[in-house]
Amino acid sequence: MSRPIQYNESPLTQILPSIGKSTSLWMDGWIRLKKNTLAIVSLAILILFCAVALLTPVIAPYGYEEQDLLLGAASPSLAHPLGTDIFGRDMLTRIMYGSRISLAVGFLASSVAVFIGVFWGAIAGYSGGRIDAAMMRLVDILYALPFMIFIVLLMVVFGRNILLLFLAIGAVEWLTMARIVRGQVLALKQQQFIEAALSLGLSHWTIIRRHLIPNILSPVIVYATLTIPSVMLLEAFLSFLGLGIQPPESSWGLLISYGVETMEEYPWLILFPGLFLSITLFALNFLGDGLRDALDPRTSKD
Amino acid sequence: MFRFILSRLLQSIPVLLIVIATTFFLVRAAPGGPFSAEKSVPPEVVKALEAQYNLDQPIWQQYISYMNDLIHGDFGPSFRYPGRTVNELIAAGLPVTAELAFYAMLVAVIIGISAGVYAGLRPNTMHDYLPMSAAMIGICMPSFLMGPLLVLVFGIELEWLPVSGWGSTPGDKILPTLTLGLGYAAFIARLSRGGMLEVMTQDYIRTAKAKGLSPTAIVLKHALRGGLIPVIAFLGPVFAGLLSGSFVVETIYQIPGLGRFYVQAAFNRDYTMILGTTVFFAALIIFFNLLSDVIAVWCNPKLRHQYRSDS
Chain Z
1 MSRPIQYNES
11 PLTQILPSIG
21 KSTSLWMDGW
31 IRLKKNTLAI
41 VSLAILILFC
51 AVALLTPVIA
61 PYGYEEQDLL
71 LGAASPSLAH
81 PLGTDIFGRD
91 MLTRIMYGSR
101 ISLAVGFLAS
111 SVAVFIGVFW
121 GAIAGYSGGR
131 IDAAMMRLVD
141 ILYALPFMIF
151 IVLLMVVFGR
161 NILLLFLAIG
171 AVEWLTMARI
181 VRGQVLALKQ
191 QQFIEAALSL
201 GLSHWTIIRR
211 HLIPNILSPV
221 IVYATLTIPS
231 VMLLEAFLSF
241 LGLGIQPPES
251 SWGLLISYGV
261 ETMEEYPWLI
271 LFPGLFLSIT
281 LFALNFLGDG
291 LRDALDPRTS
301 KD
Chain C
303 MFRFILSRLL
313 QSIPVLLIVI
323 ATTFFLVRAA
333 PGGPFSAEKS
343 VPPEVVKALE
353 AQYNLDQPIW
363 QQYISYMNDL
373 IHGDFGPSFR
383 YPGRTVNELI
393 AAGLPVTAEL
403 AFYAMLVAVI
413 IGISAGVYAG
423 LRPNTMHDYL
433 PMSAAMIGIC
443 MPSFLMGPLL
453 VLVFGIELEW
463 LPVSGWGSTP
473 GDKILPTLTL
483 GLGYAAFIAR
493 LSRGGMLEVM
503 TQDYIRTAKA
513 KGLSPTAIVL
523 KHALRGGLIP
533 VIAFLGPVFA
543 GLLSGSFVVE
553 TIYQIPGLGR
563 FYVQAAFNRD
573 YTMILGTTVF
583 FAALIIFFNL
593 LSDVIAVWCN
603 PKLRHQYRSD
613 S
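From first to last, the protein sequence lines are chains Z and C. Mapping the first sequence onto the working numbering, position 102 (from 1) lands on 102, and the numbers just tick up by one. Mapping the second sequence onto the working numbering, position 18 (from 1) lands on 320, and the numbers just tick up by one.
Here is the structure:
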């Protein structure tokens with residue numbers, strides 16, 4: 001749910017507590033974001049999850065493969081707050097290790113997508129004319145491809161390689177980013193500061209890097225935040241089918257698929273990984289919506 | 303309009319050709335042939351099998367003969383199930399998957415649009431927040447999590463509904479349909495809410511109000527048509543999502559549909575089956591994207607006039 005659009009509030013009084021003190025665009029955005037409790041809570045949760053994922057090898061209560069066959073699948077207790085799986089392995093530890101892969105795939109594959117999308121869109125929009133038409137036609141064609149099926153196919157053909165997973169997901173998700181960036185650049189390049197940069201003799205490449213891309217960062221950040229959850233979903237989907245992350249690596253999707261097999265007897269084995277995946281997706285979506293309202297008020301709508 | 307449809311049709315031909323070529327060469331480039339899993343097969347047998355499936359010819363010749371078969375509607379034999387053709391497998395799985403996808407689409411559209419329109423007409427009230435929070439849950443809960451949870455609650459704990467099969471016991475179609483449909487209902491609810499919010503501020507709605515039309519008439523006759531355009535444009539992607547969602551749902555509920563066949567073929571490295579189903583899925587998805595684009599243009603007078611003035 002996005003923050004409601006407030007048409008009647010004057011943006012000036014809203015964002016500038018005392019007129020006269022100048023604030024940067026990012027400061028404005030931060031001030032607006034801070035008013036959005038849901039987005040701030042989401043941000044805090046995400047920072048916490050990322051910190052825990054990074055520190056997992058240090059702070060995990062048990063070893064990842066540490067079995068306790070006598071204990072077997074135990075329901076949550078003080079020693080094992082999230083229970084254990086059928087081999088007596090601590091679920092909290094496994095979920096923490098799983099979060100490393102799930103979050104890494106989410107962030108890295110999104111970065112690949114953002115990087116390709118921004119440059120593709122910026123070059124197309126800035127060049128205009130035939131180059132633009134050709135580049136965007138390629139995007140249109142790729143849009144029409146059934147990508148989910150293609151990724152499954154890639155996983156089958158080249159084995160379940162995590163690097164390939166990054167690339168495959170990243171290669172799919174850049175299309176929308178390219179379209180957004182192109183639209184923004186088309187509007188920006190008519191502006192006078194670009195004309196000024198040109199008349200100063202800057203190269204096109206410098207103008208794209210130094211003047212255009214910084215100016216489109218806010219929609220890019222917003223959309224990137226919304227790309228991460230869809231990437232994480234895709235990874236979990238593939239892992240659930242057994243076509244993504246392979247053991248001994250682990251991810252939340254894989255843990256869910258293990259949990260499904262035994263959920264009748266040991267429901268916590270599916271509930272907890274599912275809960276963590278859902279919370280992360282929630283947080284990313286709320287943060288993305290919050291950022292959109294804060295940084296890019298013009299495009300804020302569902 | 304006709305010209306628009308024609309140009310979109312012509313555009314989808316190269317897309318389809320790219321899909322077929324990429325899939326074909328990817329599958330052929332895969333390490334490990336389709337028969338390498340079977341142990342201790344004498345080399346003569348492998349040769350005979352390869353000859354039977356044309357695998358001993360140069361790859362471009364294989365491609366040409368595959369394309370030739372495809373034009374005649376023949377997807378070739380299955381590598382894994384001797385004596386069965388891919389056509390037979392598709393014919394067996396398609397009706398099941400089509401029925402599942404149809405019901406799920408109904409669920410998604412009916413629940414999604416009614417919740418979204420309801421919320422969009424009452425923005426920033428409890429009537430807006432509640433359905434939209436539910437929609438957020440639907441978006442953040444993937445089908446492979448929603449499915450098992452529905453099974454756990456309604457199948458195992460409450461024992462209201464059967465937890466597997468398709469058409470064999472009464473009510474066994476309910477859980478798969480909900481699992482597949484509810485996530486998209488959530489997306490559609492958000493889209494239609496956004497569309498309604500935007501439309502309700504338009505001048506023509508104010509005019510309709512000024513004419514003294516009843517609120518129901520305003521919504522049904524004026525607002526819905528404009529407000530639902532984003533939803534209609536989204537139906538193509540929904541369809542593609544339903545197809546790939548059927549991979550998961552049919553696996554969870556053990557439904558003998560195309561999605562399950564596809565996942566099994568992926569695991570068995572049944573290359574002709576993968577190739578055939580991929581091409582088939584791609585053609586379907588491209589067709590439905592086209593359909594939803596055409597309907598979106600037809601519903602949107604601005605776009606319609608633009609295309610009319612072009613021709």
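The C-beta atom is built at its ideal place from N, Cα and C for all residues, glycine as well.
Beta carbon proximity, residue i to chain C, threshold 7 angstroms
i, result
"Met263(Z)", "yes"
"Gly129(Z)", "no"
"Ser390(Z)", "The structure shown has nothing for residue 390(Z), since chain Z only spans 1 to 302."
"Val172(Z)", "no"
"Phe272(Z)", "no"
"Ile141(Z)", "yes"
"Ile169(Z)", "no"
"Phe49(Z)", "no"
"Phe240(Z)", "yes"
"Leu281(Z)", "yes"
"Met177(Z)", "no"
"Asp302(Z)", "With a pLDDT of 39 at Asp302(Z), under the threshold of 50, the modelled position of this residue cannot be trusted, and the question is left open."
"Ile31(Z)", "no"
"Met148(Z)", "yes"
"Val157(Z)", "yes"
Assigned exposure category for residue i - 16 Cβ within 10 Å defines buried
i, result
"Trp252(Z)", "buried"
"Val231(Z)", "buried"
"Lys189(Z)", "buried"
"Tyr62(Z)", "buried"
"Leu522(C)", "exposed"
"Thr280(Z)", "buried"
"Asp572(C)", "buried"
"Phe569(C)", "exposed"
"Lys475(C)", "buried"
"Ala437(C)", "buried"
"Ser77(Z)", "exposed"
"Thr464(C)", "According to the sequence as given, residue 464(C) is Pro; it is not Thr. Burial call: buried."
"Ile588(C)", "buried"
"Asp140(Z)", "exposed"
"Asn161(Z)", "exposed"
CB contact below 7 angstroms: residue i versus chain Z
i, result
"Leu454(C)", "yes"
"Val599(C)", "no"
"Pro444(C)", "yes"
"Ser546(C)", "yes"
"Val419(C)", "no"
"Leu432(C)", "no"
"Ala323(C)", "no"
"Ser613(C)", "With a pLDDT of only 41 at Ser613(C), under the threshold of 50, the placement of this residue in the model should not be trusted, and no figure is reported."
"Ala393(C)", "no"
"Phe583(C)", "yes"
"Leu246(C)", "Residue 246(C) is absent from the structure shown; chain C starts at 303 and stops at 613."
"Ser490(C)", "The sequence given here has Ile at residue 490(C), not Ser. Answer no: the Cβ-Cβ gap between Ile490(C) and chain Z never drops below 7 angstroms."
"Val317(C)", "yes"
"Ser309(C)", "no"
"Leu593(C)", "no"
Endpoints, alpha helix (DSSP H) assigned at residue i
i, result
"Ser218(Z)", "217 to 241"
"Met274(C)", "Residue 274(C) lies beyond the residue range present for chain C, which begins at 303 and ends at 613; the question has no answer from this structure."
"Met148(Z)", "147 to 158"
"Tyr564(C)", "560 to 570"
"Thr574(C)", "573 to 601"
"Thr177(Z)", "One detail in the question is off: residue 177(Z) reads as Met in this sequence, not Thr. Run containing Met177(Z): 162 to 188, per the alpha helix (DSSP H) assignment."
"Phe381(C)", "Taken as a continuous stretch (DSSP letters only), Phe381(C) belongs to no alpha helix (DSSP H), as it is neither H nor E."
"Arg209(Z)", "Where Arg209(Z) is concerned, there is no enclosing alpha helix (DSSP H), given that its DSSP letter is neither H nor E."
"Phe377(C)", "No alpha helix (DSSP H) holds Phe377(C); DSSP gives it neither H nor E."
"Tyr258(Z)", "252 to 261"
"Asp293(Z)", "268 to 295"
**Request:** Identify every run of the alpha helix (DSSP H) within the segment 69 to 100 of chain Z, keeping only runs that are complete inside it and at least 4 residues long; order them along the chain.
**Result:** none
**Request:** Note down, in chain order, all residues in the segment 71 to 86 of chain Z with a beta-carbon under 8 angstroms from any beta-carbon belonging to chain C.
**Result:** none
**Request:** Please list the residues of the segment 283 to 297 of chain Z that have a C-beta atom closer than 7 angstroms to any C-beta atom in chain C, keeping them in chain order.
**Result:** Asn285
**Request:** Any chance you could list the alpha helix (DSSP H) runs of at least 4 consecutive residues sitting entirely within the segment 404 to 462 of chain C, in chain order?
**Result:** 428 to 442, 445 to 452
**Prompt:** What are the start and end residues of each continuous beta strand (DSSP E) run of 3 or more residues lying completely inside the segment 100 to 130 of chain Z, in chain order?
**Reply:** The qualifying runs do not exist here; there are none.
**Prompt:** Can you list the alpha helix (DSSP H) stretches of 4 or more residues lying completely in the segment 490 to 516 of chain C, in chain order?
**Reply:** 505 to 512
**Item:** chain C contacts made by the segment 223 to 248 of chain Z, where a contact means CB separation under 8 angstroms
**Value:** The residues in question are Pro229, Leu233, Ala236, Phe237, Phe240, Leu241, Gly242, Leu243.
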